[in-house]
Structure formats: C-alpha cells, structure tokens
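For reference, each letter of the sequence shown is one residue, going 524 to 669 in my numbering.
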Amino acid sequence: DLGLELKDASIDMLGTANKVEVTKDNTTIVDGDGDENSIDARVSQIKAQIEETDSDFDREKLQERLAKLAGGVAVIKVGAASETELKERKLRIEDALNSTRAAVEEGIVAGGGTALVNIYKKVSEIEAEGDVETGVNIVLKALQAP
C-alpha cells in the first residue's frame, strides 16, 4: 500500500509486540505498539480506502485491517472433547460473531415487541388527513395485531 518492498524496510519502520504467534495460515500480534502518528495516518488511509472502494470484498478486508490496527481484535480459542463437538462450537461462535458484527454495523432493534410499542407511540402522534390518515390507521392496526 505504501509502495515499499520488504527489502527496503528498516528497523525504525517496525513497532514492538508483547507476543507474536505465526502459523502457516495466520500471524497474530498481541499487545502491539508503534509510533502513534504512523498508526493514526495508516488508520486514516484505510478509512479513505473503505469510502472509495466499490467492492464488498475489499471493503470487508479493509474493515478487518482497520479493526486490527485500532486494537479491536480478540482471539477466541475453542476446545472440545470430539471433532463433532468442536465443529458445533465453532459454528455457534461464528453465529455469535456475525450477529455482533451486524449489530455494530446496522444497529440493534429491541426485542420482545418493544420496538413495535415504541413505533406505535410515534405513529399515533402523526396528524394526517384523507388517504394519509387512512394509511396511518392501517399501520396502527397492524402494530396492534399479535
């Protein structure tokens, strides 16, 4: 992204970390630290790239990168007695993570009909005439239905 190659990197470009774990598929840096100005500049650059991109895939990858730089990353290790149980637990955790991501990105609607009660109060305050009044009354009846 910066136009640099690995061979051109120098020690002063690097930060520090409390723990680094490298596997064939992943690199995890725990409690990383570096120059705040450089990190802030990179965060701003990634935010600009998110705004500019048209690709959902690129946007998702950039958002992941942004979360990692901003310190919003957690490592969840899952264990189980059997392979089947492990797969089940991983799926449940993935579902929970996806729900959390959706809530953060799109907001949360109160459950148990609370949102419908709140909407009913707002819709009933609308003063309208004619066809609009008819529409308001239809919505109010729909909100009262079980």
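For every residue, glycine included, the Cβ atom is placed at its ideal position computed from N, Cα and C.
Put residue i into one of helix, strand or coil per three-state DSSP.
{"i": "Glu608", "result": "helix"}
{"i": "Thr576", "result": "coil"}
{"i": "Val640", "result": "helix"}
{"i": "Val553", "result": "strand"}
{"i": "Glu652", "result": "coil"}
{"i": "Val598", "result": "coil"}
{"i": "Val632", "result": "coil"}
{"i": "Lys547", "result": "coil"}
Would you please state the rounded distance, in angstroms, between the beta carbons of residue i and residue j? I believe it to be under 8 Å.
{"i": "Gly557", "j": "Gly538", "result": "3 Å"}
{"i": "Tyr643", "j": "Leu620", "result": "That pair is no contact at about 33 Å."}
{"i": "Val659", "j": "Ala651", "result": "5 Å"}
{"i": "Ala638", "j": "Val646", "result": "Actually they are not in contact, since the Cβ atoms of Ala638 and Val646 sit about 12 Å apart, beyond 8 Å."}
{"i": "Val601", "j": "Leu609", "result": "6 Å"}
{"i": "Ala603", "j": "Arg612", "result": "6 Å"}
{"i": "Ala540", "j": "Asp531", "result": "The pair is not a contact, with the Cβ atoms about 22 Å apart (cut-off 8 Å)."}
Between the options, which has its C-alpha nearest residue i's C-alpha?
{"i": "Glu559", "options": "Gly658, Ile599, Gly636, Leu592", "result": "Leu592"}
{"i": "Lys542", "options": "Val598, Ala626, Glu574, Asp577", "result": "Val598"}
{"i": "Asp672", "options": "Asp548, Asp554, Phe580, Leu589", "result": "Nothing about residue 672 can be reported from this structure: the residues present for the chain run from 524 to 669 only."}
{"i": "Val640", "options": "Glu617, Asp577, Val662, Thr623", "result": "Val662"}
Does the segment 565-573 come close enough to the segment 581-588 to have 3 or more Cβ pairs within less than 8 Å? In short, these stretches touch, since the Cβ pair count reaches three.
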